[in-house]
Structures are given as structure tokens and as C-alpha cells.
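Read through the structure below, which is laid out as C-alpha cells, and then see the notes.
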Amino acid sequence: MIIVNYCVSIMLICLGLYAVTMKKDLIKVVIGLGIIDYGVNLFIVSVGFNDGGTAPIYTIAELLNGAASTYFVDPVPQALTLTSIVIGACVDAMALALVVMIYRKYHSINADDVRRIRG
Amino acid sequence: MYDILMILFHVLVFPGLLFVCVIGLLLAGIDRKVLARMQKRVGPPIVQPWYDFLKLMGKETIVPSNANRAVFLGAPVVGLSSLIVMMLFIPIFGYSAFSGSADLIVILYLLTIPAVCLIVGGSSSGSPYAGIGISREMVTMMAYEFPLIIALLSVAKVVGGETLVFSMRSIANWQLSNGCLIAHWALIPAALAFLLIIPAEVGTQPFDVAEAETEICEGPLVEYSGAPLGVFKLNTAIKMFIMTGLFTTLFLGGIDTGMVWLNAIIYVAISIVLTVLTMTIPHAICARLKIEKLFKFYWTIVAGLALLSLILVWFGL
Amino acid sequence: MFDYHHFPVIAVMILFLGAFLVEIFGAKNKAVRNTIAIVVAGISTVCIYALIKPVFFDGEVISYWMGNWAPVSGYAIGIGYEVDALNLFFALLTVTTFFLSGIYSIRYMEKDEHLGHYYTLFLMLSGGVLGLVLTGDVFNMFVMIEIMTFAAVALTAFRNRSFGALEGAFKYLALGSIGSSMTLAGIAVLYMSCHTLNMAQLSSILGSQPLNPTTVFAFALMFAGLAVKAFIVPFHTPAADAYMVAPTSVSMMFSGMVNKAGVYGMIRLCYTIFHAMDQSSLQILLVAFGCVTMFVGVTMALAQHDFKRLLAFHSISQIGYVITAIGLSTAVGLSAGLFHAMNHTLFKGLLFLTAGAVLKATGTTNLDKLGGLSKKMPLTTICFLVGAFSISGLPPFNGFASKWMVYQAAYAKAVTTGNFFYAVVTIVAVVVSVMTLASFIKVTQACFFGQCPDSLKDTKEVPFSMRLPMWILSVACLASGVFYNFVYEKVLYPAMVATLNTVKYIDSMMGAGYSAAAGVQNHLVDAPRLSVWDPISWLLLFVICLVAICLVVVLGDKTRGRLSDAEGEPQDGKYATFFGGEHALHSHVGGSDLFWGFKKDFKGYFNVVQGAHDGNVNTYASWVVIATAVIAIFMVIFVK
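Chain order of the listed sequences is D, S and Y. Taken in order, the first sequence gives residues 1 to 119; the numbers are from the numbering used here. Taken in order, the second sequence gives residues 120 to 436; the numbers are from the numbering used here. Taken in order, the third sequence gives residues 437 to 1076; the numbers are from the numbering used here.
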């Protein structure tokens, strides 16, 4: 239960939400989306922390000695975080590709100009 | 065999096709005669709508080149059939040809079908006058559906009490044992709202902006001629009967003399009185309302009356 | 013959395998690509339809642990797929939608480029949604949501030369990504309290004790995240843009499967995992959201000039009906919501397909530029009229049956709880239904009837493979309206009972007796006996009347009342449209000219609501954030 991790992850999420809702430049919006993802990833990894535990990997020595009672941190959130990192990378890639093509078509990446569909 | 014959009798003669057409045209005739007398003229004979209908049946039907033929010719007939089917489900003082739980909501939706047939028929004729007419007809429908549903919900709440009752048969039965619904003072605003909705639903002045003869040459009906036009005029006449009949069933239902034909005569007499009250007198007195004024009228005053009734009924008064 | 326990997984995996194969072989050979796509979609459809007998008729719940990782000492350690009647209900909708859309896309998309990528994305979208509705693991659901979002965004931007496609895709990605992040955060908080990701085990843990603030916070986050996927107001803004700019076969899939997946997620969340639907505060929250969605959706639709954007707003509005009905949390309400979801897939899919046919034939969906298409495209007009009457709720189509059930459920709830709010809900629902009718009359007049402009003189009817899905859906709309009792008994009742029967859900996954040990009980199921409206007898009477009237008209005097219509060119003005005696070049009352009085009366309202849809991604994102905050505060205070 690391308080600092949780506080920082909530700050990152809020910072990312600020960037998405307040910044006009579309690249800054994409960066905001990324920051939200990193905040959530930090949160997930911190959820699995057990105080005093080691990395959740069995070595051969431990297996041969039958040490089934080694105290691990929870491996499931680490798996979730890996998946989430990959998803975050895909979102950023696709969003940036869209921004590049929007620039070619609209000649601007200001959110006030990229709003031909409205009403 | 007997059952099939009885079903055909109910559908085609009483209370189906023949009964409804005859009485509907009678109401239309009485409406015209009384209006004429109020305007200090002699007016046409009461049987004039029958003569008009028979004359139109014999005229040539011209299908304009811009029109979609199937929809143009089919719309009036579909409207007439749905009106007759609806009449089969409305009990005449406790006698209804087909039971089967026809709720108020089903009747409400069946009532929209003739209006939709008029709209789609007018739209399919391809005329710009029809386009404007159907737009106004649709806005009129939006205007009167709102207070109509509120009035029907208040009636259902009074009859149902703690359980849910929507069926017409139970409303009729409840009034036989507890007295007619208009005697409940909390329902009087709802009854007034329903009376004000009747002319809009039928399409008589002052709410007939959709068919304004002086302005848009009868709106959706401008390209119609011959038999389809006759059927549309018949639909309007039948709607007069159905709407006044619905008011009688919902709010004045406590009468039962035990003989079907006497009940029917009393029913028709009440319909005549209601027609004169709600359709002829406003027609003679008031001018035609513009569409935005009509909408505002229904969504403020009439809906306010119905809502007042619903609130009074809901909180147990 | 085959072991049907493997069918759910086969159905999902073969779609991903097909996507992979299309990507490899697709660029080279068109026939191979189309064959692979249709065959794969067909196999998946058959697998899911084969599950109807065991799950709906025999009442079995299929549970499948991936890799055979069964639970160890009462803890779920593998990813599980569980198919009970609710899952199968939504899977059937999904499968039908993408199969018909696949048939439609063959001719619809034939002039586009990079079709290999189109079919890959199409199969991935289908696989994502199907995986979402069949899975029993909450993180697997999140992964499937992400696959679905990516494929959807890429498909939205597919025709990147057309107006607004890139912009719509970007907004969809930004807002969808915020929603997914909130869902993931909610899952993480949930894992923190319950230490499991399996939905059955979560259900048993959360059902045996009251909710503490941590789990309520997780509930709020996941609720908001899934609401973004279901496109409820105020999370609906990407839907309006994306449905408009995507290729129409994809729009049909969006409105038919993607938002149903969001609705399914919300049902699972509220009913099964959190057992929270017995609390009146949550019921009021869902019903309030549903009402606002219904009303805002339909009023925005009345003001639109583009055919597909109008259909998009109607989609949003009808999902409002579904959410309202589900939020009522009675047996009738839940089955009404499910029925309306099914009908919405059918009639909205039909309407989008007709819009696509119009777009392909004429090249535009602008209601101000269309007109008089019923003479050029008569079959499409019939299908459109069936869809329009279904969505407006006219008898005897399916929209009427499901909307009638919604009104009954809402008013029954009003009477049993004595809460005036639910009577208002009934009134709003009826008014919205009339406005839906108005909106479709507008489209009928503006697009199909009236005068044909000169630019559209050469339009032709669309090819057969595009008309076939439209016919299938029209017949389905009519059939499920007329035989709605059959649909209710065989399909809806099992699905509704399965939703409320969490004991069976948990026991099938984790082993018998697990839920009893945890102290979880079923929700109440009051006996759902509907008052019977018999559409068949109504139709019989209708036909009798119709025949009688036609006989009277036809057997009349042949010499006097005759029927004339123009052959070829109008000769002497007798068959021309009456226009006050003057010659007019073009006198069509089009899309923007209709409902003038209504728009004038509501000018203030339209200025506010239309002005709020200003197209700026920051504005839309701020709505999402504010709405999430409101949901979170409400739930933490009122949901126990």
C-alpha cells in the first residue's frame, strides 16, 4: 500500500484529463490521452504490491527446494499492466496517424479549426 | 360456420363498416347543417355527405405523374380499414364485438394510423402543397398527443387504483359499478382537455391548419380525386364518430339499459351532442390558428389541464 | 455431433483467424478475400445459432475455461467464457448484424480502395464484439472493448477522402480512449478489493456483503466507462459523428452491435456483478439517464440535414428507451428493454442499409438535395417505409410491441411504487415516440416522395446482394412484431430469467454450491404475464376490411369511376402537379422546409442544445469528465 504511488497516479490522470479538455492543439490532446494511460498503469501496478514481497518469478533453485511459500507481489496486475501498456502504445500510434492526416487535409491542428461536423 | 358469419356481421355491419360509415356521415351532415344555421344560412340537407360520397365514388381518379401510384391509392383504404378495426374494440356501453384486451395504449397507437395514412398519402402525391400540409399535420399530431397521453394516464390511474389497468373493457365495467368517470371532480380537467383534443384529431376548424383550403389548397388532399378522395372524406367523418364515442366510453360510461340497440341509439345521440359542442361551435366562432400558435396552445393550456388532473388523481384527491 | 461447449470460443477465434488470413491473402485476389470473409462470418454465425437449442430451450449454461485452467480451491485462475441466455441473446444480435453487413459490403464497397484492410478490420470488429458478449472475465472484456474501439475508429476513418471522416474518427478515438481508461481504472479498483477478475467470482464476493465505498467507486468508474461505449447522453457525441462518416455497412454494425455491447456490459455490471439493481437510487439514475438520452436524441434528430446523422441521433434515442426499460428493474421492464434492443438492431440496421443504398445510388445523403426517389428505387422505398414504421412504433411492426411493453413496464412501476417520476417517464416515452414518427415523415417526404431534382434523374435501383439483407431485415421486423408472443416466450423470458438468476451463473462457472456458501441469492422474479394484444386477430380483421372495401371500389360502375394515370410524358397538364396554374421548375418541399412551426416554438431549446454540439473535442471531453464526476458523487452518496 504505497500512498505516494496512488497520489501520483491520480495526479497523472487529472493532468491528462486537463490536457484533453483544455488544450487546443490536437497533439497535446494525444499527449493527454497518453498521460491518462500512464497514470492508470501506475495505479494498476501499485495495486498488486505486497510489502516485503519479491518479484513473482520462480528460480530453479526455489523450485527444486520446494519453496512454494516464497512471498511474491501479485503477478496478475503486472500482466494487466503489460497489456495496458501495449494498448496505450496502439492508441497513441493511431491517434498520431490520424493527426498527421488531419493536418494534410485541414492544414491546421487546432481543435477550433477541426470541427466541420457540428450541430 | 355460425362463428364466421357472426364475425363477418360484426366487421361489416354492426359495429363495423356499415354502422360506422352511416353514423359518421350523419354526424358530418349534422355538423354542416348546424354550422349553416349558426351562420344564418339554410345550409345543405343533413344527408348531403352521403350524396357527396356517392358522387365522388363515381368520378374519375387521376394519378399525377409525380406520384407513387401504390402508396397514393393504398393510403386511404388502409386508413379506413384501421379506423373500422379500432371501432370494433371500443365498447358501446359495455357491449363490444371483440373482447381481447385492447388497451388504451393500443387505441392510442391505432388512432395515429389514419393520420399517418393521410400524411403518407399526401406525401406520395408529390405536390408542394401536400408537402407543407403534411408538415403541419405532423406538428398538429405532436401537439395533441402530449395532452392525450396525460389524460389517458389519469383515467387509467382512477380506474386501476393500486393495480395497473389499461383495458377498455375494465374501464366500461368500472363505470357501470362506480358511476361515470366525469363525476369524479379530479377528472374534469382531463375531460376538458380531451374535448379540446377532439377537433384537432378530426381536423376541423379552428385546428385545421393542415388542410387550410384558403392557403394551401387542402394540403395533403390536393392531388386526390374520385374514389380515394371520397374515402379520405369518409375517414374524417368516421373519426368524428370514433373520437366522440371514445369520450363517451371513457368519461360518460355508466349507462346500460340492457338492450344493445337502445344503448347504440343513446350512444349516437350523445355523439351528436358532443359533435355540435366540440366541433361546430368552435368552427363557427373561432378563426383558424396558425401552426405555431396551435402547438403552443396544446402544449401549454391543454397539457396544463391534463397535467392538473394527473397530479390531482395521483396524490389521491 | 460436435461438442458444442467449444462453439463460443471457435466463433470468436475464427473471426480473428479470418482477419489474419484476409490480411495475408487479401491484397492479391479479390475473390479469395471475399470468400474468406463470408465463409468465416458464416461459420461464426452457424456456431452461435447452434447454441440456441442447449442454452435457450434446455436452459443450460455453457462454461469454458481457456486452457482448462479450472478454479483451484475456490479461486478462479484462468480466463473463462460463459454463455447463458443473456450472453447468447446479445451474441445472436451481433452475429446476425455482421453477417448481413458482410453480404451488403460486397457490392457496397466495391469501388473503394484498400479493401483488404477493410475486411480485416471488419472481421476484427466482429470478433471484438462477439468476444465481449461471450466472455466471463472482466479484463478480457476490457481487452475486447479495446479491440472493438480500434477497429471501429479505423473503419470510421476508412473513407478518408470524404468530408469529416478523419475528424469523426479522431473524436471517437479520444473519447473512447477516455472511456476505456476509466473502465480500466474501475477494474483495477475492483481487483484491489476482490482480488479476482472472474465475473462469477466477483458476483459471489460482492453479493454476499454490502458495498463499501471502494467498490462503489469502482462501480461508478466502470459504469461511466461502459456508458461511453453504449453512447448514452452526454457520452453520445462520438456516435453522432462516427455513424455519419463511416461507410454505411459499418454504420449498420455500429448501431446494431457496438452500442448493444455497451448495453450488455451495463446489464452485467449492474445486475450480475454488483447486485445493485434492487436499490431505488440506482434505478432512478439509470431511468433519468435514459429519459434524457431519449429526449435529446430525438430533438437533435429533428434538426438534422443529413440522412445518416439523423439516423445516428435516432439510434442514441432508442438506446435511451433500452436503458430506461432496464433501469426499471422489474421483470417486464427488463424483458421490454431486451426486446427493444433486439428490435433496434433489426430496424435500425434496415434503415442504415437503405441510407447506404441511397448514398450509393445518388452520391449524397443531404436531405436538402434529395427528392422523389421512390419512382427510381421502389424496392428500397418499401424497405425504408417498413423500417420507418417500425421505429415509429406503428402496429403491427416490432417497434410497437416493444415500445408498448416499455410503456406498460414504466407505468406499472409508477403505480406500484407510487412515485410520480415514473409516470413522467411514461409520458416522455410516448412523446418521444411521436417525435420519432415526425422525423421519419420528414425523411420520407424529403428523400423518397416529392419531386425528383434534375441531378438525380439517372439513379437506378441497387444490386441484388445489397437488397437481400434489406429484405431479410424487413421480414424479420414484421415477423417479430406479429409473433411477438412467441419471441417473448422462447427468447426474452429465458434471457430475462438468466439475468436475474445469478445463482445459476455463479454455480456454473465455479462449481455447484459456491454461491450458497457465499450467501448469494437470486433476485426476485415476479410472474411476467403480459396482457395479451393479439396482433394476429387484429391483422385478420384488417384484411377482412381491406378486402371488403376493395371489392366495393372495384365492383363499382365501370363506366363512370375510372382510373387514369400518365403514360410517358405528361400531355396537357392534366397529370402535372397542381401549382397554382404557374409553371415551376422545381417545387419540392425538402428537408429544411418541414416542421417550421415546431422549430420556431422551440428556438431557444434548439439554440442551446445544438450550440452545445459544437464539434470541438475539448468540449465533448469535458462533458464526459463532468458526467463521470456527477455519477461518482451520486453513487458514493446514494448507492449502498
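Where is the CB? At the ideal position from N, CA and C, for every residue including glycine.
Task: Beta carbon of serine 273 of chain S nearer than 8 Å to that of valine 432 of chain S - done: In contact: serine 273 of chain S and valine 432 of chain S (Cβ atoms closer than 8 Å).
- [ ] Write down the C-beta distance between alanine 346 of chain S and proline 168 of chain S rounded to the nearest angstrom, noting that I regard them as a contact closer than 8 Å.
- [x] Contact annotation, alanine 346 of chain S with proline 168 of chain S: C-beta distance approximately 15 Å; criterion of less than 8 Å not satisfied.
Task: Contacts of glutamine 1046 of chain Y in chain C (Cβ-Cβ under 9 Å) - done: Considering every chain present, this structure includes no chain C. Its protein chains are D, S and Y.
TODO: Just the C-alpha distance for alanine 791 of chain Y and lysine 744 of chain Y, rounded to the nearest angstrom, thanks.
DONE: Rounded to whole angstroms, alanine 791 of chain Y to lysine 744 of chain Y spans 7 Å at the Cα level.
Task: glutamate 518 of chain Y, DSSP secondary structure in three states - done: Looking at glutamate 518 of chain Y - three-state DSSP - the assignment turns out to be strand.
Open item on the list: So, at 6 Å on beta carbons, what are the nonlocal neighbours of threonine 938 of chain Y in its own chain, with the 5 sequence-adjacent residues on each side left out?
Closed with: Only Ser639 and Thr708 meet the Cβ criterion.
Open item on the list: Quick check: the Cα distance between valine 40 of chain D and glutamine 78 of chain D, rounded to an integer number of angstroms?
Closed with: Using only the alpha carbons, I get a separation of about 12 Å.
Open item on the list: Do leucine 782 of chain Y and alanine 912 of chain Y have their beta-carbon atoms positioned less than 8 Å apart in this structure?
Closed with: Cβ atoms of alanine 912 of chain Y and leucine 782 of chain Y: closer than 8 Å.
Task: Residue from S:Val395, S:Phe434 and S:Glu320 whose Cα sits closest to the Cα of lysine 358 of chain S - done: For lysine 358 of chain S, the nearest C-alpha among the options comes from S:Glu320.
Task: Identified DSSP bridge partners for aspartate 222 of chain S - done: Its beta-bridge partners are S:Ser286.
- [ ] Would you identify the three-state DSSP class for valine 40 of chain D, choosing helix, strand or coil?
- [x] In the structure shown, the three-state DSSP call for valine 40 of chain D is helix.
- [ ] Using a Cβ-Cβ cut-off of less than 8 Å, list which residues of the region 830-842 of chain Y approach chain S; keep chain order.
- [x] Cβ contacts with chain S come from Leu830, Pro831, Phe836 and Trp840.
- [ ] Check whether the Cβ of phenylalanine 456 of chain Y lies closer than 8 Å to any Cβ atom in chain D.
- [x] The beta carbon of phenylalanine 456 of chain Y sits no closer than 8 Å to any beta carbon of chain D.
Task: DSSP state of glycine 16 of chain D mapped onto helix, strand, coil - done: Helix.
- [ ] Please compile the residues from chain Y whose C-beta is within a distance smaller than 8 Å of the C-beta of proline 339 of chain S.
- [x] Within chain Y, no residue has its beta carbon less than 8 Å from that of proline 339 of chain S; the closest one is some 11 Å off.
TODO: Determine, using beta carbons only, whether lysine 105 of chain D comes closer than 8 Å to chain Y.
DONE: Closer than 8 Å: yes.
TODO: Note down, in chain order, all residues in the region 286-309 of chain S with a beta-carbon under 9 Å from any beta-carbon belonging to chain Y.
DONE: Listed in sequence order: Ser286.
Open item on the list: Can you confirm whether alanine 984 of chain Y, when its beta carbon is compared against all beta carbons of chain S, has any partner nearer than 8 Å?
Closed with: In terms of beta-carbon proximity, alanine 984 of chain Y lines the interface with chain S, with at least one pair separated by less than 8 Å.
- [ ] Could you tell me which uninterrupted alpha helix (DSSP H) segments, each at least 4 residues in length, are contained entirely in the region 455-536 of chain Y, listed from first to last along the chain?
- [x] You should have 466-486.
- [ ] Would you mind listing the alpha helix (DSSP H) stretches within the region 623-692 of chain Y that are 4+ residues and don't spill past its ends, in chain order?
- [x] Listed in chain order, they are 635-643, 649-666, 673-681 and 684-689.
- [ ] Just confirm the distance between the C-beta atoms of aspartate 573 of chain Y and isoleucine 515 of chain Y, as a whole number of angstroms; I'd bet it's less than 8 Å.
- [x] That belief holds up - the Cβ atoms of aspartate 573 of chain Y and isoleucine 515 of chain Y are roughly 5 Å apart, short of 8 Å.
Open item on the list: By alpha-carbon positions, which one of Y:Val732, Y:Val686, Y:Cys981 and Y:Phe836 ends up nearest to leucine 561 of chain Y?
Closed with: The option with the nearest alpha carbon to leucine 561 of chain Y is Y:Val686.
TODO: Buried or exposed for methionine 125 of chain S, please, with buried defined as at least 16 other CB atoms from any protein chain shown within 10 angstroms of its CB.
DONE: A residue is called buried once 16 or more other Cβ atoms fall within 10 Å of its Cβ, and methionine 125 of chain S, having fewer, is exposed.
- [ ] Taking only the alpha-carbon atoms, compute the straight-line gap between alanine 291 of chain S and phenylalanine 366 of chain S and give it to the nearest angstrom.
- [x] Whole-angstrom Cα-Cα distance: 12 Å.
Task: Secondary structure of valine 341 of chain S, DSSP reduced to three states - done: DSSP, reduced to helix, strand and coil, places valine 341 of chain S outside both helices and strands of the structure shown, so it counts as coil.
TODO: Quick one: give me the first and last residue of the beta strand (DSSP E) that threonine 180 of chain S is part of.
DONE: Element bounds for threonine 180 of chain S: 180-182.
Open item on the list: Can you find the residues in the same chain that come closer than 8 Å, C-beta to C-beta, to leucine 20 of chain D, ignoring five residues on each side of it along the sequence?
Closed with: Before going on, a small fix: residue 20 of chain D reads as valine here, not leucine. Counting only Cβ-Cβ distances below 8 Å, and skipping sequence neighbours, we find Val29, Gly32, Leu33 and Ile36.
- [ ] Mind checking which residues open and close the alpha helix (DSSP H) that includes tyrosine 700 of chain Y?
- [x] Looking at the DSSP string, the run of the alpha helix (DSSP H) that includes tyrosine 700 of chain Y is 695-703.
TODO: Could you tell me the boundaries of the alpha helix (DSSP H) in which serine 273 of chain S lies?
DONE: Element bounds for serine 273 of chain S: 247-279.
Task: chain D contact residues for histidine 1049 of chain Y, given Cβ-Cβ distances below 8 Å - done: What histidine 1049 of chain Y touches in chain D: Arg118 and Gly119.
Open item on the list: Looking at the secondary structure, which residues open and close the alpha helix (DSSP H) in which aspartate 1037 of chain Y lies?
Closed with: 1032-1037 is the span of the alpha helix (DSSP H), which, as asked, contains aspartate 1037 of chain Y.
Task: Spatially closest choice to methionine 689 of chain Y from Y:Cys883, Y:Thr530 and Y:Val664, by CA coordinates - done: The shortest C-alpha separation from methionine 689 of chain Y is found at Y:Thr530.
Task: Short Cβ contact (8 Å threshold) for alanine 678 of chain Y with leucine 559 of chain Y - done: No, they are not a contact pair.
Task: Proximity winner among S:Leu137, S:Gly250 and S:Asp375, relative to leucine 199 of chain S (alpha-carbon distances) - done: The shortest Cα separation from leucine 199 of chain S among S:Leu137, S:Gly250 and S:Asp375 belongs to S:Leu137.
Open item on the list: So the candidates are Y:Pro832, Y:Ala915 and Y:Asn779; which of them puts its Cα closest to the Cα of isoleucine 226 of chain S?
Closed with: For isoleucine 226 of chain S, the nearest C-alpha among the options comes from Y:Pro832.
TODO: Give me whichever residues DSSP pairs with phenylalanine 72 of chain D in a beta bridge.
DONE: Phenylalanine 72 of chain D pairs with D:Thr54.
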